[in-house]
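Notes follow the structure.
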Amino acid sequence: MPSLAQRVENFKERLRFRFMPPIADWLAWASTYQARQTLGGMQPMRLLVDNTVLYHAVTHETAWISTGKSKWGPHEIDTGYSARVPVHDDDTDGREHRNVRFLAGIAQLCRNGFVELLTSAELQDEQFRQPAGRYRGYGYFDHSLFARLQIESVDGHVFPHLGPSWMRLPSAEEQQRARIDRHRQDEAFDELVRTLGQANSQDAWHLYTADKFGIHAFLTMDFKFIRTVEAQARSAAVSRLKARVMSPEMLGKELGLFPLSPRLFSYHDASFFVRTDLSMPSEKRRPLNGYRRTDR
3 MPSLAQRVEN FKERLRFRFM PPIADWLAWA STYQARQTLG GMQPMRLLVD NTVLYHAVTH
63 ETAWISTGKS KWGPHEIDTG YSARVPVHDD DTDGREHRNV RFLAGIAQLC RNGFVELLTS
123 AELQDEQFRQ PAGRYRGYGY FDHSLFARLQ IESVDGHVFP HLGPSWMRLP SAEEQQRARI
183 DRHRQDEAFD ELVRTLGQAN SQDAWHLYTA DKFGIHAFLT MDFKFIRTVE AQARSAAVSR
243 LKARVMSPEM LGKELGLFPL SPRLFSYHDA SFFVRTDLSM PSEKRRPLNG YRRTDR
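Residue numbers (the numbering used here): 3 to 298.
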């Protein structure tokens with residue numbers, strides 16, 4: 003029979019499952035008050051979302067919680083259970099965590115029609131080369147702050163040419179690199195690549211796409227690229243751009259968003275074990291090959 007302390011803890015956990023999702027949703031709405039005052043009456047602010055942001059929007063993963071060893075007949079086996087675990091520790095002040103704390107507010111603005119999140123053909127092609135779970139979560143219990151948001155492509159779609167190995171087709175990555183190189187026939191884009199460096203040509207194309215379609219900003223968590231653009235801010239190729247390169251933290255501070263811990267959203271769509279007292283090792287998401295069969 004459970005002890006009194008266990009019964010109390012079980013009761014508290016039931017309350018968390020029932021009340022934390024609406025409380026977290028209300029806090030997300032309240033955190034956008036200043037932004038709603040600023041953006042109200044205007045056309046939705048359009049943002050081109052980099053895949054690095056989608057990756058970090060997965061704030062909870064499925065983890066195996068060990069409960070030790072137990073006898074199963076004559077055998078000793080490892081026992082445990084799968085649970086949803088936050089990626090980040092609330093006590094940290096790391097750069098990624100600081101930016102992730104603004105994602106809930108940005109997602110809320112999108113749900114309320116104040117912000118429009120967009121992708122592009124080349125950004126989708128980048129996703130094609132990665133496991134789908136990289137941007138949505140690999141495990142059954144994973145959670146993304148951008149779950150169920152509609153993110154449409156601003157310039158359609160592009161598909162790599164695929165076939166058996168005997169056709170000797172270039173890889174999808176090589177095909178994308180060739181497409182972007184062909185875009186350098188556009189003098190403005192060519193100048194931007196020469197300014198930011200060939201190594202940044204792919205991100206330069208995303209920024210150029212945002213500018214071409216009148217999008218407010220290219221939202222990214224590629225901090226090296228942000229620093230590169232900032233270092234060239236006075237160059238002709240960068241200064242003529244109307245689209246900006248921004249991190250979620252930069253955008254959140256500009257709009258007056260209140261940062262929220264992703265742990266507040268631990269119980270969203272949850273009907274399984276949730277361990278908010280833990281975080282992932284090194285506060286990093288696991289790669290696909292890091293998942294056990296029991297985690298899926």
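Where is the CB? At the ideal position from N, CA and C, for every residue including glycine.
State buried or exposed for residue i, treating a residue as buried only when at least 16 other CB atoms are found within 10 Å of its CB.
{"i": "residue 299", "result": "The chain is shown from 3 up to 298; residue 299 falls before or after that span and cannot be answered."}
{"i": "residue 203", "result": "buried"}
{"i": "residue 115", "result": "exposed"}
{"i": "residue 20", "result": "exposed"}
{"i": "residue 132", "result": "exposed"}
{"i": "residue 142", "result": "exposed"}
{"i": "residue 125", "result": "buried"}
{"i": "residue 164", "result": "exposed"}
{"i": "residue 271", "result": "exposed"}
{"i": "residue 53", "result": "buried"}
Quick check: what's the CA-CA separation for residue i versus residue j?
{"i": "residue 37", "j": "residue 259", "result": "6 Å"}
{"i": "residue 118", "j": "residue 206", "result": "21 Å"}
{"i": "residue 23", "j": "residue 44", "result": "29 Å"}
{"i": "residue 286", "j": "residue 269", "result": "20 Å"}
{"i": "residue 138", "j": "residue 145", "result": "8 Å"}
{"i": "residue 217", "j": "residue 50", "result": "7 Å"}
{"i": "residue 46", "j": "residue 15", "result": "38 Å"}
{"i": "residue 264", "j": "residue 194", "result": "36 Å"}
{"i": "residue 211", "j": "residue 159", "result": "13 Å"}
{"i": "residue 295", "j": "residue 284", "result": "In this predicted model, residue 295 has a pLDDT of only 49, less than 50, meaning its place in the structure is not dependable; the value taken from the coordinates is given anyway. Answer to the nearest angstrom: the Cα atoms are 22 Å apart."}
{"i": "residue 279", "j": "residue 76", "result": "34 Å"}
{"i": "residue 48", "j": "residue 105", "result": "15 Å"}
{"i": "residue 55", "j": "residue 134", "result": "15 Å"}
{"i": "residue 5", "j": "residue 101", "result": "41 Å"}
{"i": "residue 1", "j": "residue 198", "result": "Nothing about residue 1 can be reported from this structure: the residues present for the chain run from 3 to 298 only."}
Per the DSSP calculation, residue i is bridged to which residue(s)?
{"i": "residue 76", "result": "None; residue 76 has no bridge partner."}
{"i": "residue 64", "result": "86"}
{"i": "residue 248", "result": "221"}
{"i": "residue 48", "result": "118"}
{"i": "residue 145", "result": "62"}
{"i": "residue 70", "result": "81"}
{"i": "residue 155", "result": "121"}
Closer than 8 Å, CB to CB, is residue i near chain B or not?
{"i": "residue 74", "result": "Reference to chain B is not applicable here, since this structure consists of a single protein chain."}
Three or more C-beta pairs closer than 8 Å, one from the segment 50-66 and one from the segment 80-95: is that the case here? Between the segment 50-66 and the segment 80-95, the count of C-beta pairs closer than 8 Å reaches three or more; the two stretches touch.
Unbroken stretches of the alpha helix (DSSP H), 4 residues or longer, contained in the segment 163-251: If we require 4 residues or more, the alpha helix (DSSP H) runs fully inside the segment 163-251 come out as 174-184, 189-198, 203-214, 225-233, 238-241.
Taking contact to mean at least 3 C-beta pairs separated by less than 8 Å, is the segment 26-33 in contact with the segment 223-238? no
Check whether the segment 247-255 and the segment 212-225 touch, using three or more Cβ-Cβ pairs below 8 Å as the test. yes
Touch test, the segment 119-127 against the segment 152-169, Cβ-Cβ under 8 Å, three pairs minimum: yes
Pair every Cβ in the segment 88-104 with every Cβ in the segment 232-240, then say whether three or more of these pairs are closer than 8 Å. As far as the Cβ criterion goes, the segment 88-104 does not touch the segment 232-240, which means the pair count is below three.
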